[in-house]
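Numbering (the working numbering), first residue to last: 693 to 940.
For each residue, glycine too, the CB sits at the ideal point set by N, CA and C.
All of these numbers come straight from a predicted model, not from anything done at the bench.
One structure is given here, and the rest of the page talks about it.
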Ligand code: IPE
Ligand code: IPE
Ligand code: MG
């Protein structure tokens, strides 16, 4: 029996988020420059997106560039930005063919103009698609997102003091980049690192975490299937006790 057939179609994670890590190490292990790893990471992105779309996953968020990644050598940043542009262009047809809708989270205004322009075009071209929603986290970090939300709340309420009783989770979430996107059910991180690296801190409060040693460029839809099968063996209790959860 194939791994994919073990997946219960009635209990799919609605939203999967992925910290795509290990490109640099993958390349260095092969005696290549780090950017070679990023280039090969694109294949993993393609296969994962197709695999998720094929299963009927509704939301897939990929962490592609963090606000902290600006601290890398300029040569690597430049190469990553060029790769982003070429990938947007080369993958347009595949996204459309697979009925994928593209969204972004993160400080998109802080990206180079060409990246911004290409992203905007692809978002428009795919906006009517009804299958998988692919969310690229670019120039993203969770602390930036949360601070940005607070700034917007203050700006929106400049003229009238805000009613403290109005503030609750739902109120706050509307100001996050992920407003209207359900929280991830499953968070995957590749490359054997056991940390969150400033990704979706608010939204993963109750996500199931899955760590794999696989380096991102080697990640394929079969690895996604493995993560989903593992997810489906978990009991999500949300603070309750097992007996209560089983009743429903
Ligand atoms: C993840 O791979 C991709 C990005 C952060 C852009 P890395 O580039 O972090 O690869 P490692 O972790 O150094 O191997
Ligand atoms: C996290 O990977 C960011 C992305 C995958 C885009 P990093 O490789 O930047 O994370 P740290 O710095 O090792 O935690
Ligand atoms: Mg890394």
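(request) Please classify residue 762: is it buried, with 16 or more other beta-carbons within 10 angstroms of its beta-carbon, or exposed? (result) exposed
(message) So if DSSP puts residue 727 in a beta bridge, which residue, or which two residues, is it bridged to?
(response) Beta-bridge pairing links residue 727 to no other residue.
(request) Mind the definition here: the stretch 850-866 touches the stretch 763-779 only if three or more C-beta pairs lie below 8 Å; say whether that holds. (result) no
(request) Look at the Cβ atom of residue 909, then the Cβ atom of residue 733, and state whether they are nearer than 9 Å. (result) yes
(request) Just grab the DSSP bridge partners of residue 892 for me. (result) According to DSSP, residue 892 bridges with nothing at all.
(request) Using 8 Å as the cut-off, classify the Cβ of residue 890 as near or not near the heavy atoms of ligand 1, replying yes or no. (result) no
(request) Give me every residue whose Cβ sits closer than 5 Å to any heavy atom of ligand 1, in chain order. (result) 713, 714, 715, 716 and 717
(message) Distance check for residue 896 and residue 717, CA to CA, integer angstroms please.
(response) 26 Å
(message) Among the candidates 931, 863 and 801, whose CA atom is the shortest distance from the CA of residue 829?
(response) 801
(message) Here's a check: name, in chain order, each residue in its chain whose Cβ is nearer than 8 Å to the Cβ of residue 742, leaving out the five neighbours to either side.
(response) 786, 790 and 913
(request) Please report how far the alpha carbon of residue 715 lies from the alpha carbon of residue 890, in whole angstroms. (result) 18 Å
(request) Using three-state DSSP, classify residue 753 as helix, strand or coil. (result) strand
(message) Once DSSP output is grouped into helix, strand and coil, what is the label at residue 740?
(response) helix
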